[in-house]
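The sequence shown begins at 16 in the numbering used here and counts up one residue at a time. The structure under discussion appears below in the form of structure tokens.
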Amino acid sequence: MELEELSVAEKAAMLSGGSEWDSRGNDRAGIPSFVMSDGPHGVRRQLGEGDHLGLGASKPATCFPTAGTVANSWDPALAEEMGEALGQEAHDLDVNVLLGPGMNIKRNPLCGRNFEYYSEDPIVAGRMASGLIRGIQSNGVSACPKHFAVNSQELCRQASNSVIDERTMREIYLTAFEIAVREAAPMTIMTSYNEINGVYAHENKHLLQDILRDEWGFDGMVVSDWGGSNSAVAAVKAGGSLEMPSPGFTSVRELEGAVRAGTLSEADLNARAAEVAKIAAATRLAGVGRDDLLKDGVAAAHHEVARKVAENSSVLLKNAIVGEGDNASATLPLKAGARVAVVGDMAKTARFQGSGSSKVNATRDENLLDELTAMGGITVAGYQQGYDRHGAENRVLIEDAVALAAHGDVDAILAVVGLDERSESEGLDRSTMAIPKVQNDLMAALAKTGKPVIAVLVAGSPVELPWFDDVEAVLYIGLSGQAGASAAARVLTGAVNPSGHLAETWPMRYDDCPSSGWYPAVGRDAIYREGPFVGYRYYGTVQVPVRFPFGYGLSYSSFAYGGLTADETGVSFTVTNGSDVAGATVAQLYVRGPEGGVLRPDRELKGFAKVALAAHETATVRIAFDRYTFRHFDVAANGWKTESGVWTLMVGGNAADLPLSTPFAVAGDVDAVPADPALGHYLTGDVKNVTDAEMTVLFRRDVIAPGKPTTFGVNDPISSWVDSKGFVARTVAKTLIKNEAKTRQKTGAPDLNTLFILNMPPRAMSKMTQGMVDAAMVDAIVKIANGHTFRGLGGIIAGYFRNQSANKRTEKELNHD
Numbered sequence: 016m017e018l019e020e021l022s023v024a025e026k027a028a029m030l031s032g033g034s035e036w037d038s039r040g041n042d043r044a045g046i047p048s049f050v051m052s053d054g055p056h057g058v059r060r061q062l063g064e065g066d067h068l069g070l071g072a073s074k075p076a077t078c079f080p081t082a083g084t085v086a087n088s089w090d091p092a093l094a095e096e097m098g099e100a101l102g103q104e105a106h107d108l109d110v111n112v113l114l115g116p117g118m119n120i121k122r123n124p125l126c127g128r129n130f131e132y133y134s135e136d137p138i139v140a141g142r143m144a145s146g147l148i149r150g151i152q153s154n155g156v157s158a159c160p161k162h163f164a165v166n167s168q169e170l171c172r173q174a175s176n177s178v179i180d181e182r183t184m185r186e187i188y189l190t191a192f193e194i195a196v197r198e199a200a201p202m203t204i205m206t207s208y209n210e211i212n213g214v215y216a217h218e219n220k221h222l223l224q225d226i227l228r229d230e231w232g233f234d235g236m237v238v239s240d241w242g243g244s245n246s247a248v249a250a251v252k253a254g255g256s257l258e259m260p261s262p263g264f265t266s267v268r269e270l271e272g273a274v275r276a277g278t279l280s281e282a283d284l285n286a287r288a289a290e291v292a293k294i295a296a297a298t299r300l301a302g303v304g305r306d307d308l309l310k311d312g313v314a315a316a317h318h319e320v321a322r323k324v325a326e327n328s329s330v331l332l333k334n335a336i337v338g339e340g341d342n343a344s345a346t347l348p349l350k351a352g353a354r355v356a357v358v359g360d361m362a363k364t365a366r367f368q369g370s371g372s373s374k375v376n377a378t379r380d381e382n383l384l385d386e387l388t389a390m391g392g393i394t395v396a397g398y399q400q401g402y403d404r405h406g407a408e409n410r411v412l413i414e415d416a417v418a419l420a421a422h423g424d425v426d427a428i429l430a431v432v433g434l435d436e437r438s439e440s441e442g443l444d445r446s447t448m449a450i451p452k453v454q455n456d457l458m459a460a461l462a463k464t465g466k467p468v469i470a471v472l473v474a475g476s477p478v479e480l481p482w483f484d485d486v487e488a489v490l491y492i493g494l495s496g497q498a499g500a501s502a503a504a505r506v507l508t509g510a511v512n513p514s515g516h517l518a519e520t521w522p523m524r525y526d527d528c529p530s531s532g533w534y535p536a537v538g539r540d541a542i543y544r545e546g547p548f549v550g551y552r553y554y555g556t557v558q559v560p561v562r563f564p565f566g567y568g569l570s571y572s573s574f575a576y577g578g579l580t581a582d583e584t585g586v587s588f589t590v591t592n593g594s595d596v597a598g599a600t601v602a603q604l605y606v607r608g609p610e611g612g613v614l615r616p617d618r619e620l621k622g623f624a625k626v627a628l629a630a631h632e633t634a635t636v637r638i639a640f641d642r643y644t645f646r647h648f649d650v651a652a653n654g655w656k657t658e659s660g661v662w663t664l665m666v667g668g669n670a671a672d673l674p675l676s677t678p679f680a681v682a683g684d685v686d687a688v689p690a691d692p693a694l695g696h697y698l699t700g701d702v703k704n705v706t707d708a709e710m711t712v713l714f715r716r717d718v719i720a721p722g723k724p725t726t727f728g729v730n731d732p733i734s735s736w737v738d739s740k741g742f743v744a745r746t747v748a749k750t751l752i753k754n755e756a757k758t759r760q761k762t763g764a765p766d767l768n769t770l771f772i773l774n775m776p777p778r779a780m781s782k783m784t785q786g787m788v789d790a791a792m793v794d795a796i797v798k799i800a801n802g803h804t805f806r807g808l809g810g811i812i813a814g815y816f817r818n819q820s821a822n823k824r825t826e827k828e829l830n831h832d
């Protein structure tokens, strides 16, 4: 039977999940259901109903480094190798659609989910994601880049409205997705929870039809984030294919009723059902069903891949010269025979991934203390915990660490510090860029011993480093996956030459961030008032000093650039390794627009190449121009344009160190037109002082942040009920907030389930309860929030029985009883 011959109800049923992780198939049309699983850096295959927050047990799988760490490799080919391993494990665990990679732009360093995202720059994010997607899909498994789009905060993420100007959205927040779609052809894409300029992502026709399908040529399935669908009918009209996890039969009845009423065309319903059926056919697995990756060589081989990725993603941030005269040498790598005091709780109990839906049940655990002890060539002189992992004051721990470090036979101190498990997680944003005070106190005390201090930094995103000037070396390993400890040991001892470069700027302090004054948005509207001045685009334009610039990374080798030339298709230049040690660096191409042209940051990355060189080798590097190099989005013309004029091309090792530069005449399709003077502070990038009037010019409309709601709707988060006039609703919200804080304090980890509920708008209840709650019951729940407790309770009870009866009728219809 052909898909079009199915009943309206049968086709509608295919557009929502049958369970937490499974789609609904149709036996009459020969369309199987398929399995989706979280998997940005490891397959989280849960059995049974499972959960979407990583709370329940999952099958063992390789935990690779997170996207925020992998991006520091600047190596799409390496990401593809990791993707191949991910895709193989997904295939072997009977997963059809792997939910990753995460591709959102790192607008602000406090976003709780930044460890799952690649970069503050769309070129890096797009190219790295493309590699991962190609690798995953080489196994017949669909990748699913997410969260499309403009999803930059965890606070109120299901009820937040991202208010952004069209040009910034297209150039900064959508370009990474565009690169991935054009270069890697993902079969699936996941929409974000939030609204974009007042329209939910999963029912945003401008995003899903005008841009994704019509402009970029995407022909796959669009799936909602779990609980992220709002109106099933609006989603089908706009291009949303599948809502997850499972609204039961509520959406089936809504779609069926809309077709019957003529408010939804059956052609749209057919198109969405065909997109779901296409994934079922394209990812049909051969029933491998290997229950345990540990039973064969897959786990061991993939552990080696994870180590390789971690090694190439490690970033050497500082490496001071110690000693004098002929005895002077770099602190790292550690010298043969060195005696090292190892300090820090995370040296013994490793933290290598974040919390939330991406959390993987790793096939193996490593820790740096054991790996260094077994490494050979150096001696571990002892270990001390140094600090309480979750920040409790304990001077004895610091004193014991200092006593160990002060031993006469200790040559160097290796301190492992960073963020704990509760600091970086889906569901909540970080409250500070600082690491726990007890760790900073430890570092200050160790520095006073006079011994060289080497910091190994564990964190998925930037942190403030008040002790940076007092230590001799800093190695940033990020969240480096299950093989991160052995990778770090190999870098520290010189078996591996570090070649990672930062994929985001590290500011000196949080207040320096362009969006620090309005992030995260606590109300409904998250206004992106900084416009295009995100990350290095801001710091470089306004010349704000930073701790580490975008693209920064040291090496045990030294590199020099020369001979820059440009032609119509790209740039060529040389890179020379001037040292006795083979190594790799990341050559980066930036452009500056013509004088007197449209509003732009001072410089923007447009290409890069990972360059491996033998000792004293020189190589010629070519970086080609492409459709992204010189374009800007012209809002008035609703299209991409290139300004004619003399551009500046710059090449070097990071955004602040570009020794090569050349003018380059571009024959575009529009003349350079001066930016509107009314943009005021935007013209110099001084976004911290932008006025509301200037913002109106950039956004081309008035942007007014609303106050607190006086009444609550189905799309206001449950956390907002703390301001409810109704005692019951107010008590529910305050109790949840109190209990979550208590759990976090007691366990040292966030209560993800409670956080999800607090951030959740009531309408999500009808999308995540497998039909137990329908839209009418949600309306009754909102009555309680608005102080009409008894009327709301009555509506819930009546609605429950009415909904159960309707579900039975729909099920009977679908089963053709």
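We put the beta carbon where it would ideally sit given N, CA and C, even for glycine.
Item, Value
"Which term fits residue 234, buried or exposed, when burial requires 16 or more other beta carbons within 10 angstroms of its beta carbon?", "exposed"
"Among the candidates 577, 689, 693, 615, whose CA atom is the shortest distance from the CA of residue 637?", "577"
"Which residue's Cα is closest to the Cα of residue 194: 262, 252, 119?", "119"
"If you pair each beta-carbon of the segment 370-387 with each one of the segment 326-336, do three or more pairs fall below 8 Å?", "no"
"So residue 366 and residue 415 are in contact, right, with Cβ under 8 Å, and what is the actual spacing, rounded?", "That belief does not hold up - the Cβ atoms of residue 366 and residue 415 are roughly 21 Å apart, past 8 Å."
"Kindly examine the ligand MG and report whether one of its heavy atoms sits closer than 7 Å to the Cβ of residue 751.", "Although the ligand MG was asked about, the structure shown includes no ligands whatsoever."
"Check whether the segment 533-548 and the segment 685-705 touch, using three or more Cβ-Cβ pairs below 8 Å as the test.", "yes"
"Quick check on the DSSP output: the alpha helix (DSSP H) that includes residue 748 runs from which residue to which?", "742-762"
"Is residue 732 closer than 8 Å to residue 665 when the C-beta atoms are compared?", "no"
"Going by alpha carbons, who is nearest to residue 592 out of 631, 624, 569, 571?", "631"
"Who are residue 478's beta bridge partners in DSSP?", "According to DSSP, residue 478 bridges with nothing at all."
"Among 522, 641, 712, which residue has its Cα nearest to the Cα of residue 181?", "712"
"Could you compute how far the alpha carbon of residue 32 sits from the alpha carbon of residue 81?", "28 Å"
"Report the option in 109, 95, 272 whose CA atom is closest to the CA atom of residue 76.", "109"
"Three Cβ pairs or more, each shorter than 8 Å: is that satisfied between the segment 340-349 and the segment 447-459?", "no"
"Check residue 619 in the structure and name its three-state DSSP category.", "strand"
"Within 8 Å, do at least three Cβ pairs link the segment 522-541 to the segment 497-504?", "no"
"By how many angstroms is the C-alpha of residue 587 removed from the C-alpha of residue 122?", "32 Å"
"Confirm, please, whether the CB-CB distance from residue 18 to residue 288 is below 8 Å.", "yes"
"Alpha carbon to alpha carbon, what distance is there between residue 48 and residue 295?", "7 Å"
"Would you mind sorting residue 62 into buried or exposed? The rule is 16 or more other CB atoms within 10 Å of its CB.", "exposed"
"Starting from residue 141, trace the alpha helix (DSSP H) both ways and give me its first and last residue.", "137-152"
"What does residue 522 pair with, by DSSP beta-bridge criteria?", "561"
"Where residue 114 and residue 534 are concerned, what is the direct C-alpha to C-alpha distance, given to the nearest angstrom?", "27 Å"
"In chain order, which beta strand (DSSP E) runs of at least 3 residues are fully inside the segment 392-429?", "394-399"
"According to the Cβ coordinates, are residue 171 and residue 368 closer than 8 Å?", "no"
"For the alpha helix (DSSP H) that residue 656 lies in, which residues bound it at each end?", "Premise fails: residue 656 lies in the beta strand (DSSP E), 654-667, not in any alpha helix (DSSP H)."
"I believe residue 818 touches residue 789 by the beta-carbon criterion, under 8 Å. Please report the beta-carbon distance rounded to the nearest angstrom.", "4 Å"
"Could you spell out the range, first to last residue, of the beta strand (DSSP E) harbouring residue 51?", "51-53"
"Let me know if residue 812 comes out buried or exposed under the rule of 16 or more other beta-carbons within 10 Å of its beta-carbon.", "exposed"
"Within 8 Å, do at least three Cβ pairs link the segment 246-260 to the segment 215-222?", "yes"
"Look at the alpha carbon of residue 492 and the alpha carbon of residue 321, and state the distance between them as a whole number of angstroms.", "13 Å"
"Just to confirm the assignment, what range does the alpha helix (DSSP H) spanning residue 388 have?", "383-390"
"Could you check whether the segment 144-151 touches the segment 510-520, counting it as contact only if at least three pairs of C-beta atoms, one from each stretch, sit closer than 8 Å?", "no"
"So if DSSP puts residue 585 in a beta bridge, which residue, or which two residues, is it bridged to?", "582, 639"
"Measuring CB to CB, does residue 3 end up less than 8 Å from residue 579?", "As displayed, the chain neither begins before 16 nor continues past 832, which places residue 3 out of reach and without an answer."
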